[in-house]
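Those letters in the sequence shown? Residues 0 to 335, per numbering that gives the first Met the number 0, in order.
Beta carbons: idealized from backbone N, C-alpha and C, even for Gly.
On a predicted model such as this, the values are computed, not experimentally measured, just so you know.
The block underneath contains the structure these notes are about, expressed in structure tokens.
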Amino acid sequence: MAPVPSDIASRLPAGLVARMADDADLERMVEFENRFANAARWESPAGVRAFFRTNPQPDRLAIVVERHGEIVGQGTVSDGGMWASPDGSWRGGIRVAPEWRGHGIAKALLALLEEHARGRGAKRFMTSIRGNEPEGLAFATAQGYAEFHRRFDAYIDVATFDPSRFDDPDEIARRAGVRLLSYGELARARAGDLETMQRTLIAMFWEVRRDVPSPAPMPKEPPPFEQARRMFFEGPGMDAAATIVALRGDTPVGMTANMVKENGVAYTNFTGVVRAERGKGLALAMKLRSLRDLRERGVRLFGTTNDEANAAMRGINARLGYVPDQPTIMVAKQLS
């Protein structure tokens, strides 16, 4: 258990101990964060551990604040590893138990996280605040942070979704000269050249993802193939049956990548279509196929997150019946 600088520890209330988190703390930190998470943001310890295995972040810092061995606050900051932004933005987060707010814990944690990021060349520190936590926004503003971006989590009740309001998704695709396959079906069909297909999907994702509004620019190039393969195709972030790919011939032209979490909630990590195929209803068709699969499997809730500026995708989700949650407010502060 590595100590934190004494000047930070001395700013905490009596009886609290701050220390650098280690690998053994991951489960407890995830469970602490889940106490405050909405359905879309709930994570399993196993899923988070798998994410860090495929995306090592050697410059990441995690701090826990404890009382009698129980976590009452925690903070993290990282450049994102394989998702490191070329503009030097780092992303961090702080969470303090409600009964310990107003005692200087968040301020002490933030000072340490900023110092860590600044010392490693970070240009900007970003963090997110839920719209139902005005005290968090007030705190961030007082520390010199300013709002610059908003995102919305939204959910659809899978069991009550009525697909009869829409054309059959495969028929929508056929009218566009495209076919839909689940990733599982595609992987079986392309078993002889699976790596080639995966490389093509990664390249398509990187191309399309650049067009999605985002708090910070993406890395210019995708990560090395083996790392990307583990991240996209072998971890818990992709459910092979609910992830749908649109193909023109054998060329992927769109994808909705979905996961099913251990709490029974499905979540969309990405939906996109290459520019030449937009306006043909393919994003809607892929989401309809995913909803059909999830409904057959008894999944109860399907979540997604869209940036406020992504009017096209938010419109599709509203048409399907997604109900938006309060916004997630992104704030940032220049460090250099």
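- Go ahead and pull the three-state DSSP assignment for residue 0. Residue confidence is low: residue 0 scores 47 on pLDDT, short of 50, so the model does not pin down where it sits. No coordinate-derived value is stated.
(Q) Can you tell me whether residue 95 is helix, strand or coil according to DSSP? (A) strand
task: Excluding the 5 residues preceding and the 5 following residue 0 in the sequence, name in chain order all residues of the same chain whose CB lies nearer than 6 Å to its CB.
output: Confidence at residue 0 is low in this model, with a pLDDT of 47, below 50, so the placement of that residue is unreliable and no value is reported for it.
Secondary structure of residue 148, DSSP reduced to three states: strand
- Touch test, the region 37-44 against the region 59-73, Cβ-Cβ under 8 Å, three pairs minimum: no
What is the DSSP secondary structure of residue 41, reduced to helix, strand or coil?
coil
Please classify residue 80: does DSSP put it in a helix, a strand, or coil?
-> helix
Between which two residues does the beta strand (DSSP E) harbouring residue 337 extend?
Given that the chain is displayed from residue 0 to residue 335, the structure contains no residue 337 and the question cannot be resolved.
Practice task
Can you give me the start and stop residues for the alpha helix (DSSP H) that residue 123 sits inside?
Solution key: Run containing residue 123: none in the alpha helix (DSSP H); it sits in the beta strand (DSSP E), 123-129.
Check your understanding: For the candidate residues 52, 328, 86 and 283, whose alpha-carbon lies nearest to that of residue 120?
Key -> Measuring from the Cα of residue 120, the nearest candidate turns out to be 86.
Q) So, is residue 167 buried or exposed, given that buried needs 16 or more other C-beta atoms within 10 angstroms? A) exposed
DSSP-derived helix/strand/coil call for residue 242:
Secondary structure of residue 242 (DSSP, three-state): coil.
Should residue 54 be labelled buried (16 or more other beta-carbon atoms within 10 Å of its own) or exposed?
Result: buried.
Item checked: Through-space distance from residue 265 to residue 273, alpha-carbon basis -> So the alpha carbons of these two residues sit roughly 24 Å apart.
| Those residues which DSSP pairs with residue 89 across a bridge | 124
Segments of 3+ residues assigned as beta strand (DSSP E) that fall wholly inside the region 222-293: List check, beta strand (DSSP E) in window: 243-247, 250-259 and 264-272.
### Task
Please list the segments of the beta strand (DSSP E) lying wholly inside the region 173-206, counting only runs of 3 or more residues, in order along the chain.
178-181
Query raised in the report: To the nearest angstrom, how far is it from the Cα of residue 169 to the Cα of residue 89?
Result: Linking residue 169 to residue 89 through their CA atoms gives a straight-line distance of about 41 Å.
Residue 102 versus 163, 84 and 13, residue with shortest Cα-Cα distance:
Of the listed residues, the one whose Cα sits closest to residue 102 is 13.
Inter-residue CB distance, residue 327 and residue 208 (contact presumed, cutoff 8 Å):
Contact flag wrong, Cβ pair sits at about 19 Å.
Q. So, helix, strand or coil for residue 215, using DSSP?
A. coil
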